[in-house]
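363 is the number of the first residue of the sequence shown in my numbering; add one for each residue after it.
Glycine is no exception: its CB is placed at the ideal position from the N, C-alpha and C atoms.
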Amino acid sequence: MATVTLDPSGSFLTIEGLRFHAIWLRDNAPDPETRAAGNGQRLIALRDIPAETTISAAEVQGAGLSVTFAPEDKTVTFDLNWLNTHAYDRPASSARGWTAPEIEPWDANLMGNVPIGDFAELTKGGEALRIWLGQIKQYGFGKVVNGPVKDGALFDVVDLFGFVRETNYGRHFEVRTEVNPTNLAFTGLGLQAHTDNPYRDPVPSVQVLYCLESSAAGGENMVVDGFAAALRLREENETYFNVLANHCARFEYAGEDGVCLTSRRPMIELAPDGALIGVRFNNRSLAAVTDVPFDQMATYYAAYRRLGEIIDDEAMEVTFRLEPGEGFVVDNTRVLHARKGYSGEGTRWLQGCYSDLDGLRSTHDAMARATHKEAAE
């Protein structure tokens, strides 16, 4: 049985080597007076909890921890598994650029294990969809096969997990050769691996590309793990990693009348605790960099060049060809995508649209919780 000890001041308790503050426990109390039973949202504000809250008693009872708070004289039971999952008394990471356990960086070795979901199975929901969405969270992308070959089929893919995010390109955009294109994506030129729309704030965090015609030679799709590229840069030259993380780049798009999109974000984005949370890399859309001090600019450009070289390294890329009825979903905050050049002979027609990670994560996590709940019953 788990053991619990109470600090003499009552300001915190310790259970199985993990410490929890009294105010944290009271704020996260699961009782019906504190949280709504239906959605788990708090019914009180922090101002409703006495600032001098302490723990007057604590006792393990089966799979729960009973805690009594003073001065309210309120007793609440916490699930021990929940406490362990949400424990914050962990050693702080000193490394800049760490990733969460559920994120798996990858390189070209993933080629034989690309996350693939069969469209017919995915539309049934259940385990197939949960696993596929989980793989997208883990690797940052996933391929879908055996889908319908019809105009707008990509919306059926988005419907599996979320909602379309409409932009100045419309609800969706066509990817095929055009005369006088407004964007290089609409030509037969090869494209360097990049994240889409870095000039938006917030950036669309999910992109879907779906193939309707594919008889032109070439045009294979490539994906590169931006997190793996950033971590490789850090291992090679920590100064290069830091200069790209410490200073903002500027991105801009003004290719249409009435449109001038700009953003100011670092190419390698870290959370305050050093977690790697985003990569923005798009040579076509990089504006003049003005937020780097003079004495750091040469280093910045050397780091930018080296990151691009890493991204261009074939050892980092996974390549696949999309056939009609196939597509892929990519985490646009992490994974860069690219296209080999293709010939003017034959046809190549893809449709693309944007969505957001919160919907994808919500769908997956809700399914995972339901599965966990069923297993526990």
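- By the neighbour-count definition (other C-beta atoms within 10 Å, threshold 16), G474 is an exposed residue.
- For V691, the enclosing beta strand (DSSP E) covers residues 689-693.
- Looking at the backbone, the Cα of G689 and that of R642 are separated by about 22 Å.
- Under the 10 Å beta carbon count, W386 is surrounded by fewer than 16 other beta carbons and is classified as exposed.
- If you draw a 10 Å sphere on the C-beta of C622, you find fewer than 16 other C-beta atoms in it, and that means exposed.
- Out of P433, H609, A649, M629, the CA that lies nearest to the CA of F656 is found in H609.
- Rounded to the nearest whole angstrom, the CA to CA distance from H734 to I493 is 14 Å.
- When DSSP states are grouped into helix, strand and coil, R696 belongs to the coil group.
- Taking a contact to require three or more Cβ pairs closer than 8 Å, the region 720-733 and the region 588-596 do not qualify as touching.
- Taking C-alpha positions only, F682 is separated from P477 by approximately 12 Å.
- A check of alpha carbon separations from Q713 across D435, K512, G502, V654 identifies K512 as the nearest.
- According to the DSSP assignment, T367 belongs to the beta strand (DSSP E) that extends over 366-368.
- Three or more beta-carbon pairs drawn from the region 628-643 and the region 599-617 are found closer than 8 Å, and the two stretches are therefore classed as touching.
- When DSSP states are grouped into helix, strand and coil, D587 belongs to the strand group.
- Bounds of any alpha helix (DSSP H) do not take in F643, whose DSSP letter is neither H nor E.
- Taking the Cα positions, C573 is about 19 Å away from R527.
- Taken through DSSP and simplified to helix, strand or coil, Q554 comes out as strand.
- Contact fails between the region 513-525 and the region 665-675, because fewer than three Cβ pairs, one in each stretch, are under 8 Å apart.
- Cβ-Cβ distances below 6 Å link W711 to R538, L574, E575 in the same chain, with the five nearest sequence neighbours on each side left out; the list follows chain order.
- Inclusion of D720 and V568 in the CB contact set at 7 Å is not warranted, their separation being larger than that value.
- In this structure, the straight-line span from the alpha carbon of L669 to that of P467 is close to 16 Å.
- Counting every other CB atom within 10 Å of its CB across the protein chains shown gives P412 a total below 16, marking it as exposed.
- Nearest in C-alpha terms to A454, of all of K702, E736, L722, A637, is A637.
- The three-state secondary structure of T439, taken from DSSP, is strand.
- Beta bridge pairing from DSSP links Y450 with no other residue.
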